[in-house]
Every structure is written in structure tokens, then in C-alpha cells.
Amino acid sequence: GEVCNMINKKYSEFLPSMQSAEELVAQVDGLSSNIDLLRASIENEVQRDLNVAVAEFTELRQQLERDTLVLSVLKKLQEFDRAIKEHKTALLEKKYVAAAQQLEKARSSLRNLESRKGFELKILRALGTELTVQTQNMLCHLGEEWQKLIVWQLPPSKGAHNLEVVVHSELHLHTMPSKEEEVAGPPVASVLQALAVLGELHTRLKAFGQLLLKYILKPVISYPSLQPLTEERPDVLILRFKSEEPALDQSSPMEVFDKIKLIFEVLHKYLLNVPLEQPGEDRKDGRVTLAELLGELIWEELSNCLVQNCLVNSIPTNSSKLEQYTEVIKSTEEFEKALKNMQFLKGDTTDLLKYARNVNSHFASKKCQDVIAAARNLMTSEIHNTVKITPDSCVTLPQLPGPGSGDHSELQKPPSLVHNGTVNWEGETRLSPYTFSLPTCRISSSVEQLMELVYQTLLEATVSTDQCCVQLFYSVRRIFQLFYEVVPTYHKESLQKFPQLAAIHHNNCMYLAHHLLTLGHQFRYRTTNILSNGAASFVDLVPAFRRLGMECFKAQMRVQKGEILERLSSARNFSNMDDEENFRAANKAIRQVLHQLKRLGQVWQDVFPVNVYCKAMGTLLNTALAEIVTRIVALEDISAEDADRLYSLCRIMVEEGPQVFTPLPEEEKNKKYQEEVPVYVEKWMTFKELMIILQANLQEIVDQWADGKGPLAAEFSAAEVKSLIRALFQNTERRAAALAKIK
6 GEVCNMINKK YSEFLPSMQS AEELVAQVDG LSSNIDLLRA SIENEVQRDL NVAVAEFTEL
66 RQQLERDTLV LSVLKKLQEF DRAIKEHKTA LLEKKYVAAA QQLEKARSSL RNLESRKGFE
126 LKILRALGTE LTVQTQNMLC HLGEEWQKLI VWQLPPSKGA HNLEVVVHSE LHLHTMPSKE
186 EEVAGPPVAS VLQALAVLGE LHTRLKAFGQ LLLKYILKPV ISYPSLQPLT EERPDVLILR
246 FKSEEPALDQ SSPMEVFDKI KLIFEVLHKY LLNVPLEQPG EDRKDGRVTL AELLGELIWE
306 ELSNCLVQNC LVNSIPTNSS KLEQYTEVIK STEEFEKALK NMQFLKGDTT DLLKYARNVN
366 SHFASKKCQD VIAAARNLMT SEIHNTVKIT PDSCVTLPQL PGPGSGDHSE LQKPPSLVHN
426 GTVNWEGETR LSPYTFSLPT CRISSSVEQL MELVYQTLLE ATVSTDQCCV QLFYSVRRIF
486 QLFYEVVPTY HKESLQKFPQ LAAIHHNNCM YLAHHLLTLG HQFRYRTTNI LSNGAASFVD
546 LVPAFRRLGM ECFKAQMRVQ KGEILERLSS ARNFSNMDDE ENFRAANKAI RQVLHQLKRL
606 GQVWQDVFPV NVYCKAMGTL LNTALAEIVT RIVALEDISA EDADRLYSLC RIMVEEGPQV
666 FTPLPEEEKN KKYQEEVPVY VEKWMTFKEL MIILQANLQE IVDQWADGKG PLAAEFSAAE
726 VKSLIRALFQ NTERRAAALA KIK
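Count the sequence shown with our numbering and you get residues 6 to 748, in order.
Okay, here's the thing in C-alpha cells:
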């Protein structure tokens with residue numbers, strides 16, 4: 006019973022909850038079907054209406070966008086049209102700035118229209134053309150105004166740009182505001198401003214700047230005789246030149262700066278002091294004066310011209326004048342300051358001032374250039390103008406500055422003057438007076454001058470700044486290197502062709518080598534700078550110069566030897582002298598050789614040092630004698646008449662050969678050298694022995710041989726003597742006996 010109750014109780018509690026669940030299910034089912042109906046209805050009707058609305062909205066929006074675009078395009082077209090109209094009105098009234106600004110407005114409207122994508126109007130082309138036409142028209146007007154303001158009166162130029170053209174050139178500025186302004190037309194500023202607005206000012210100014218440089222500024226720098234003149238008339242300012250005889254060939258920088266300042270002051274007053282609105286770029290407030298614009302266009306060229314044609318020439322050529330250069334630097338500073346005040350220049354120290362302040366370095370470079378140019382001139386001048394030098398010659402020098410300047414101790418005394426002979430170094434071991442002496446000879450005067458230039462340059466170096474000293478020292482070394490390179494090539498033909506020039510060149514080289522030996526040494530005591538430690542010597546160049554002289558001399562000797570042998574080759578080998586024609590040929594050959602030697606003896610006279618002269622002449626005479634000996638010894642048959650004639654030919658050589666030795670102009674002094682000929686002519690005794698054989702009988706020849714101990718044996722070999730005996734004597738028993746003794 007209890008269990009039943011419990012079940013009933015549970016059941017009665019369960020029933021209602023089950024019922025409520027069933028109701029819920031029924032409700033959900035109802036809702037679900039409602040939703041299905043609603044979805045169907047939305048999909049079928051509402052969705053369709055909505056699509057229509059959105060489509061309408063989008064279309065309206067696109068319509069609006071199109072209308073807005075058309076409206077703004079029309080507005081821009083209207084702006085363009087208004088701008089062009091206002092431009093035309095302003096132009097008629099000569100309100101140039103307004104007219105130019107309206108053109109620029111029209112241009113920006115057009116740009117705006119062109120920038121729209123998907124909107125290509127054919128009309129844009131037409132508008133572009135219209136704008137171009139109006140701009141060109143306006144520029145044409147402005148061009149005319151510009152030409153009225155700035156008038157160049159230039160003479161017809163024949164291509165040449167010279168003083169004549171410049172003196173007749175004038176610049177007229179019609180820029181002065183006149184009383185009745187209206188009549189006179191628009192003021193300068195408006196023309197310039199309008200050009201600036203149209204972006205055309207730069208081109209105009211550039212052309213003006215070039216004319217200004219060509220006809221006014223550069224001539225003032227180049228021609229010292231030009232004086233700028235200005236003439237003010239009521240309606241015009243005229244700038245021109247008059248030409249006066251200048252005091253000097255070159256104006257000082259101070260004079261040039263003053264003239265250019267005067268020109269700029271005039272230009273500033275009448276033209277350049279016009280403020281302009283210049284939008285963009287790096288202008289702070291967009292305002293700039295015409296002076297500043299012109300300065301940017303021409304300053305670089307003007308300052309280069311000032312440096313090249315004015316400052317360069319003003320750099321001093323010796324160190325004593327360097328002190329005075331401060332006034333040039335000062336006037337350069339003032340010149341720049343004046344141009345800055347006129348706003349022609351902006352910014353600080355320009356290249357012009359840097360150049361002037363850097364005078365020490367320019368001084369050194371200029372000095373070096375001058376020295377090298379002078380040296381090159383001397384090297385390419387004629388060799389044959391000579392001076393005689395003797396062991397006591399000195400290089401003439403300017404007064405040397407005392408060694409007191411700089412930190413020399415009293416012990417270091419400078420050497421006495423630069424002698425070709427001895428240089429007396431105090432306190433050093435005395436050398437023989439002739440250790441460093443040059444023998445008497447002739448050298449080119451240009452080479453003597455070259456040496457003077459070298460000494461002067463080294464002297465200059467001793468009193469210069471270290472930097473300059475080094476540069477000058479290397480310039481001197483460069484002089485010697487140049488000589489080595491230039492002279493042999495420049496004078497090549499003359500040195501081959503003329504024996505006298507070859508001799509002078511040989512002496513020149515020896516003279517330079519001689520000075521190179523002592524050059525560095527002589528300046529050791531004069532300087533506190535790099536030259537004093539002995540590093541600056543020239544000894545390394547000595548061998549090259551000796552070689553240069555010797556090579557030229559040897560080449561000339563080869564030429565002369567060749568000529569001697571060539572002449573002797575026409576002597577028919579000295580054979581068959583009993584034939585008249587053969588004898589004449591041999592006689593002529595000998596005469597020609599003697600004539601050649603005589604001529605050489607004269608052209609070398611007083612040129613070569615005596616010892617060199619004697620060696621050279623001795624060598625050449627020896628060549629002739631040796632050749633004659635060789636030819637005669639080679640003969641296989643010598644008749645008695647042949648022998649007599651050969652002897653007479655040889656006698657000519659022996660008698661006249663020594664007379665070609667004339668080393669000195671004083672006739673009587675040459676005797677000594679003529680007597681010493683055997684010393685200089687190696688084959689002299691050989692030749693004399695040959696003559697003896699030509700005249701001797703068999704017994705005399707055997708006596709001269711004296712068992713290989715006689716004078717003949719000293720000059721000829723046994724084979725040669727035997728060959729001569731066979732040629733001279735017929736085959737007899739006496740000849741066989743004689744031949745047997747020669748061994």
C-alpha cells in the first residue's frame with residue numbers, strides 16, 4: 006500500500022510536467038511554421054523591393070557624382086575663360102604682372118582639368134593651344150619692353166673679339182622712372198616680375214649676363230687700357246669705355262676690382278636693385294633681387310676670369326715681394342664685401358678670396374713654372390752662341406742674403422763664390438786647386454745662363470718657406486731632367502750634322518756634370534730647411550750627364566771615321582801606282598782626308614778642351630794612317646816606281662798630318678802640340694817604319710828587324726815584313742836569305 010502511494014504521488018507530480026512539455030512542443034511547431042511562411046514571404050516580395058531601392062540609390066549617387074564632376078569641370082572651364090579674359094584686359098592696360106598672373110591661373114586650371122582620369126575632353130586641346138598663343142603673345146610684349154629697357158649697341162663684329170670691338174660697344178639702360186610715368190610705360194619692376202611669373206626671367210638674364218661678361222666685365226679684366234665711363238641723361242644711362250695708354254702691361258688686382266665695382270654700382274642703381282617675388286626654391290620669404298639672380302648666373306665665370314687673368318699675374322715672382330701681397334688679399338676681401346652689399350654675392354669666402362689667401366702655395370707653383378719655362382727656352386735656343394770658360398770662371402750670382410737669418414751657428418760659414426775652379430770650404434781639408442776645376446773650353450751661353458738660373462732658384466729656395474723650398478728644389482732637379490730629355494731630341498739633326506755643335510754639346514754636358522757634383526753641397530750652409538741635411542744633392546745625376554756628352558761625341562767620331570774610310574776607299578787599294586790614273590786617285594783620296602781633318606781641326610779649335618781636342622784629332626789621323634798601312638801591307642806586288650810613288654804619298658801624310666793639330670787660335674802655341682803628334686797617334690811609328698821599308702834595300706830591312714828586337718819588329722809582325730819583302734823584291738837567293746832572317 007505504501008509503495009502504491011509513493012508511485013501515485015510521483016506520478017501525480019510527473020503528469021503536469023509532461024503536459025507542459027507537450028504544450029511547449031506544440032508552440033515551437035507553430036512558431037516554426039510561422040517562420041517558414043515569413044521567410045517565403047521575404048524571399049518572394051520584400052527582397053525584390055529592396056533590390057529595386059538599392060539600385061535606385063546607387064544610380065542616384067552616380068548621377069550626383071557625374072553632376073558634381075561636370076559642375077567642377079564647368080567651374081574650371083569658367084575659371085580658365087575668366088583668367089584668359091582678365092589677362093587680355095590687363096595686357097591692354099600694360100599691367101604686366103596681373104596679366105602674367107592670370108595666365109598662370111589659366112595654366113593651373115588647365116592642369117587641373119588634364120589631371121582627371123576618364124575625362125578626356127576634346128576641348129582641352131583647344132584650350133592648351135589658346136594658352137600657348139596667349140603666353141607667346143605676352144612674352145613677345147615683354148621681350149619688346151625688355152629690349153626698350155636694356156639696349157646693347159655693338160659694332161658689327163668680324164668674328165674677332167678685340168679691343169676695337171669693345172671700345173665701340175655701349176650699354177644703354179632706359180630704366181629711370183620719368184616724371185610722367187604713365188606716358189613712359191610700365192616701370193622696370195613690373196616687366197621683370199611678369200617675366201619671373203612666366204618663368205622666362207632666367208633665360209633673359211642668362212643672355213644679358215653673357216653679353217655683360219663678353220663686352221664689359223671680361224674686357225675690363227683683360228685690357229688694362231679700358232676705363233669704364235658712365236653718362237646720365239634724363240631718360241637713359243649709358244655705360245661705355247674709353248681706352249687710355251696703360252702705365253703697365255697688366256693692371257693690378259686693385260685697379261681691376263675698382264673698375265668692376267664701379268660697373269656693378271651703376272648696374273645696381275639702375276637695374277639690379279629690383280626686388281622680385283620668386284616663389285619656391287630656397288628663398289626664405291620668396292623675395293629676391295635681380296642682382297642675386299644675376300650673381301648666381303655669372304659669378305662663377307667672372308671669378309674664374311679674375312683668377313686666371315688678374316690674380317695669377319699678380320702672384321709675386323720673388324719672395325721679397327710676398328710681404329706686399331697682403332694688400333691684394335685685403336682689396337679682394339673688400340671687393341667681395343661690396344658685391345655682397347649689392348646682393349650680387351651671397352654666402353661666404355668664394356674661390357676668388359681663397360685663391361688670393363693661398364698666395365704662398367701659388368707663389369711656389371708660379372715660381373716653379375717660370376723657372377721651368379725659362380729653362381725650356383734656354384734649352385731650345387741655339388747651341389752655337391758660345392762663351393769661353395776657364396778654370397777661374399765664376400757663375401755670376403745676385404748678392405746672396407747673409408746666412409744670419411735662420412738658426413745658423415757662427416761656425417757654419419757659407420762657401421766663397423761658386424767657382425768653376427775650387428770651392429773653398431772653410432775648416433775642411435784643402436783640396437788641390439784643380440780637383441774641381443774645368444779645363445778651358447767653350448760652352449753654349451744658354452747653358453751658362455741655365456746654370457745661373459739654377460743657382461738663383463736654389464738661392465730663392467734657401468730663403469723660402471719649407472713648402473716652397475721643397476718645390477723649388479724639385480724644380481731644379483726637373484731642369485736637369487728636362488735638359489737630358491729635351492736637348493738631344495730637339496737638336497738631334499744639328500748634333501749629327503755639325504761636328505762643332507757636337508763638340509759644344511759634349512762640353513755643355515761635362516760643364517753641367519761638373520756643377521752637379523758640388524751643387525747640393527754649396528747650399529748646405531745656407532739653409533735651415535730641407536736642403537741643409539745634405540739630402541738635397543745632385544750627385545746622382547752626374548754619370549748620366551757625362552754619358553750624354555760622351556755618346557754624342559762618340560757618335561760624331563763614328564761619322565768622321567766613316568768619312569775618312571769612305572774617302573780612302575777610292576784610292577784603288579794603292580796598287581799599281583805606276584799607272585797615272587791610279588796614282589791620281591790615291592793622291593786625291595789622301596788630299597781629301599787631309600782637307601777633312603784640317604776643317605775639323607778648325608771647327609773644334611778653341612771649342613774642345615786641349616786634351617780632348619788632341620785625343621780626337623789623334624784618333625782620326627790614326628784611322629787614316631792605319632787604313633793606309635793595311636792597304637799597302639796587303640799588296641802582292643810593288644814595283645820600284647810603285648814604291649817611290651807610295652813613299653811620296655806617305656810623306657804627304659807625315660808632313661801635313663801634324664799641321665791639322667791647331668787646338669788654339671794662337672798659331673805659335675800650336676807648335677808644341679804638333680810636335681807631340683806621335684803621343685796621340687798610335688800608328689805613327691808604324692807608318693814611319695813602313696816608309697823606311699818602301700825606300701830600303703834588303704840589308705837595311707834586315708838591320709831594322711834586328712832579330713826581332715829592332716824598331717821594325719816593334720811595329721810589324723814577321724809575316725807582314727815577309728809579305729812586304731816578297732812584294733818589293735824579286736825572287737833571288739839574297740831575298741831568300743833575308744826572308745830566312747825574319748822570324
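Idealized CB from N, CA, C, for every residue including glycine. Since this is a predicted model, take the numbers as computed values, not measurements.
For residue j and residue i, the rounded distance between their alpha carbons
| i | j | result |
| --- | --- | --- |
| P408 | F488 | Legend: pLDDT at P408 = 37, less than 50; position of this residue unreliable, value from coordinates given subsequently. When rounded, the distance between both Cα atoms is 31 Å. |
| E175 | L197 | 22 Å |
| N578 | G606 | 27 Å |
| L307 | T208 | 18 Å |
| I320 | D375 | 12 Å |
| H146 | L244 | 26 Å |
| Q704 | S398 | 60 Å |
| L358 | H179 | 34 Å |
| S17 | E28 | 18 Å |
| Y678 | K502 | 27 Å |
| K746 | N702 | 14 Å |
| N117 | F262 | 51 Å |
| V241 | Y275 | 10 Å |
| L79 | R121 | 13 Å |
| Q232 | F340 | 18 Å |
| K593 | A629 | 14 Å |
| N390 | P396 | 20 Å |
| G751 | E490 | Absent from the structure is residue 751, since the part of the chain shown begins at 6 and ends at 748. |
| N49 | A58 | 15 Å |
| Q472 | V615 | 45 Å |
Residues near residue i by beta carbon distance below 6 Å, same chain, minus five either side
| i | result |
| --- | --- |
| L517 | F550 |
| E70 | none |
| A88 | Q107, K110 and A111 |
| A508 | W609, V612 and F613 |
| A451 | Sequence inspection shows Ser at residue 451; the Ala mentioned does not correspond to that position. Once the five neighbours on either side are set aside, the close Cβ partners of S451 are L383 and S386. |
| V102 | S195, Q198 and A199 |
Short Cβ contact (9 Å threshold) for residue i with residue j
| i | j | result |
| --- | --- | --- |
| S575 | A560 | no |
| L55 | F85 | no |
| L570 | E661 | no |
| F213 | F269 | no |
| E694 | P716 | yes |
| L96 | A194 | no |
| F485 | L463 | no |
| N512 | R596 | no |
| T322 | K247 | no |
| S230 | E250 | yes |
| A105 | L203 | yes |
| E169 | P160 | yes |
| L553 | L521 | no |
Collapsed DSSP secondary structure at residue i in the structure displayed
| i | result |
| --- | --- |
| H520 | helix |
| T470 | coil |
| V241 | coil |
| R563 | helix |
| W157 | strand |
| T294 | strand |
| H146 | helix |
| E50 | helix |
| R87 | helix |
| E205 | coil |
Chain-order list of residues whose beta-carbon lies under 7 Å from that of residue i (same chain, five-residue window excluded)
| i | result |
| --- | --- |
| L216 | W157 |
| L733 | I643 and A648 |
| P258 | C315, L316, S319, V333, S336 and T337 |
| E568 | Q601 |
| F666 | G606, C619, M622, N675, Y678, Q679 and V682 |
Contacts around residue i, its chain only, beta-carbon distance under 8 Å, and the 5 residues preceding and following it disregarded
| i | result |
| --- | --- |
| H496 | I388, L506 and H510 |
| R130 | none |
| M347 | F269, E270, H273, L277, N278 and A296 |
| K748 | G713 and A723 |
| E205 | L144 and L147 |
| L651 | F579, M582, I637, I643 and L699 |
9 Å Cβ cutoff, residue i in contact with chain C
| i | result |
| --- | --- |
| E98 | The chain labelled as chain C is not found in the depicted structure, where only one protein chain is given. |
query: Are the region 645-658 and the region 677-690 touching by the rule of at least three beta carbon pairs closer than 8 Å?
result: Short answer: they don't touch.
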